[in-house]
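If you're matching positions, the sequence shown starts at 3 in my numbering and goes up one per residue.
Built from N, CA and C at the ideal position, the CB exists for glycine as well.
Predicted, not measured: the structure shown is a model, and the values here were computed from it.
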Amino acid sequence: MGTIKKLNKWANAHTYYPLDLVRITLGGFLFYKGVEFMNNQGRMLELMQPFDGMALEMVILHYIAPAHFLGGILIVLGLLTRWVTIAQLPILIGAVLTNFLGTMDITNLILSLVTLLLCIFFSIYGSGKHSADYYLKMQQ
């Protein structure tokens, strides 16, 4: 718990509006992808072809869209940012692996890698000073 308090103090001392804008953009992108996956299930199944035959295929399919949808909203608000970005990591690692196991699409690979790196960054950095987490913490 002490490590998280130290990270929060450091993040709050080094918070800048561009980082908040990056966090909000990341959340908006994940929300958009969640909505896209919910609306276009055929494309989602097509992306899952490299993982065909795995026992957890349906669990994976029912985890990705809601996690992106809800996670995107929470990241935009800056609420539970560390937890949400950690929940996104398995999905994004799978997205990167999909490019190597299936058909290589450079655009998807770059988007997946950038999103993965941003989620790793925000899982360490947190939501920052201009977020719902900070506001709720100050209300205590």
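Buried/exposed call for Q90, threshold 16 Cβ in 10 Å: Within the sequence shown, residue 90 is the residue found at index 88, counting from 1. So Q90 ends up on the buried side.
Contact under 9 Å by Cβ, L28 with T117: For the purposes of this step, residue 28 is identified with residue 26 of the sequence shown, where counting begins at 1. For the purposes of this step, residue 117 is identified with residue 115 of the sequence shown, where counting begins at 1. Pairing L28 with T117 gives a Cβ-Cβ distance under 9 Å.
C-alpha gap between N110 and G44, whole angstroms: Taking the first residue of the sequence shown as 1, we reach residue 110 at position 108. Taking the first residue of the sequence shown as 1, we reach residue 44 at position 42. So the two alpha carbons sit approximately 17 Å from each other.
H70 classed as buried or exposed, judged by whether at least 16 other C-beta atoms fall within 10 angstroms: Position 68 of the sequence shown, counting from 1, holds the residue named residue 70. H70 should be labelled buried.
C-beta atoms of R84 and F124 nearer than 9 Å: As a position in the sequence shown, residue 84 is number 82, starting the count at 1. As a position in the sequence shown, residue 124 is number 122, starting the count at 1. Yes, Cβ-Cβ distance for R84 and F124 is below 9 Å.
Outcome for D54 when other beta-carbon atoms lying within 10 angstroms are tallied against a minimum of 16: If you number the sequence shown from 1, residue 54 lands on position 52. With fewer than 16 other beta carbons inside 10 angstroms of its own, D54 counts as exposed.
Backbone CA spacing between G51 and M40 [nearest angstrom]: Position 49 of the sequence shown, counted from the first residue, corresponds to residue 51. Position 38 of the sequence shown, counted from the first residue, corresponds to residue 40. Just to set this straight, residue 51 is Gln in the shown sequence, not Gly. Those two C-alpha atoms are separated by around 17 Å.
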